[in-house]
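Have a look at the structure below before the remarks.
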Amino acid sequence: MFDKRNQLIFYANILIILFGITVILMSDFMIIGLLFIISAALLIYEQLQQNKGAFSISGLEKILTVKDTCGNKAELVQKQKTTPCHVDNTVFWFKNISPTGTISGFRINNQSPIEQTKDTNNNYQVSMALPVNPKSTNGLDTTLSYTCTGAYSQTNCSLSHVVGDETDHLKLIVELPKGRPISSAQAYCLYNGNKEALLPPVVTGETRIETEIKEPRLGAEYLLEWTWPEANIIRKIGCYLS
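Every number in the working numbering is 1166 more than the matching position in the sequence shown, counting from 1.
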């Protein structure tokens, strides 16, 4: 939760609280002991507030729908409840959107983003303005959508998500067209350069893959990978003509 410097400050305040309790129990200076306890408790509270992330995310679902057997046309929808942790947070950014294929048509809650940029890794970033009303502090239903062209034509494909804000639950879903069944599927977590296998994803009807992660790590990348056979020449011609 804290870096080393903040950990030292936190532990120092805990010691002050313990000292205050000792003063109350072992001497007649009850008021002084209470002052130690209250002061340290307030400092801990302020430290926790300062170390909160900008936003918290709950119930995040990322759904990739591939619309043709060639993997040329796809749509990605990300649904979540977005809660600002501070009243001054009025703009939310969707970050780390990997440029898989050609990406276009960004929409947030059926509206165009207020700003669209790329970071130093060439990943897209799009932003939305949060409504100025009390309900937004309790979580705002937020939906990001965009289209991908020419992104999933290979036999090895993946859907990924980078956890940029505190998130309680993450679900990755891939929906594929009939006629090109899934050969295999795996789920992984990439964190600090290490690749960790997760529980096998659920495969339904050879066209749907799903994996769930409770309390995903902040800063980690989660991947849902699958393999499917190469589209035959007839299907490729059909996709090209369409």
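Ideal Cβ positions, reconstructed from N, Cα and C, are used throughout, including at glycine. Values in this document were obtained by computation on a predicted structure and should not be read as measured data.
- The region 1307 to 1327 makes no contact with the region 1357 to 1371, as fewer than three CB pairs between them are under 8 Å.
- With respect to the 8 Å criterion, SER1326 and GLU1281 are not classified as neighbours on the basis of their beta carbons.
- In the three-state reduction of the DSSP assignment, ALA1386 falls in the coil class, being assigned neither a helical nor a strand state.
- Nearest to VAL1298 by C-alpha distance, out of VAL1328, GLN1244, THR1249, is THR1249.
- Put simply, of LEU1310, PRO1347, GLY1305 the residue whose alpha carbon is nearest the alpha carbon of ASN1322 is PRO1347.
- The beta carbon of SER1311 sits closer than 6 Å to those of VAL1243, ARG1273, all from its chain and outside the five residues before and after it, given in chain order.
- Contact between ASP1234 and PRO1343 holds, since their C-beta atoms are separated by about 6 Å, short of 8 Å.
- THR1188 carries a helical assignment under DSSP once its states are collapsed to helix, strand and coil.
- Assigned with DSSP and collapsed to three states, PHE1272 falls in strand.
- For GLU1227, the uninterrupted beta strand (DSSP E) run begins and ends at 1221 to 1232, by DSSP.
- Secondary structure of GLU1212 (DSSP, three-state): helix.
- With respect to the C-alpha of ILE1263, the residue from THR1286, GLN1320, THR1256, HIS1252 having the closest C-alpha is THR1286.
- Just measuring C-alpha positions, the residue of THR1231, TRP1392, LEU1306, LEU1356 sitting nearest GLY1225 is LEU1306.
- Across the set ALA1351, ASN1358, SER1193, THR1256, the C-alpha of ASN1358 shows the shortest separation from the C-alpha of LEU1384.
- No Cβ-Cβ contact shorter than 8 Å links MET1196 with ILE1204.
- Excluding residues up to 5 positions away in sequence, VAL1243, ILE1339 lie with their Cβ nearer than 6 Å to the Cβ of ILE1229 in the same chain.
- Under the three-state reduction of DSSP output, ALA1206 falls in the helix class.
- Measuring C-alpha to C-alpha distances from TRP1394 to each of SER1350, LEU1364, GLN1277, GLU1362 identifies SER1350 as the nearest.
- The shortest C-alpha to C-alpha distance from GLU1391 to any of GLY1267, PHE1258, ILE1375 is the one to ILE1375.
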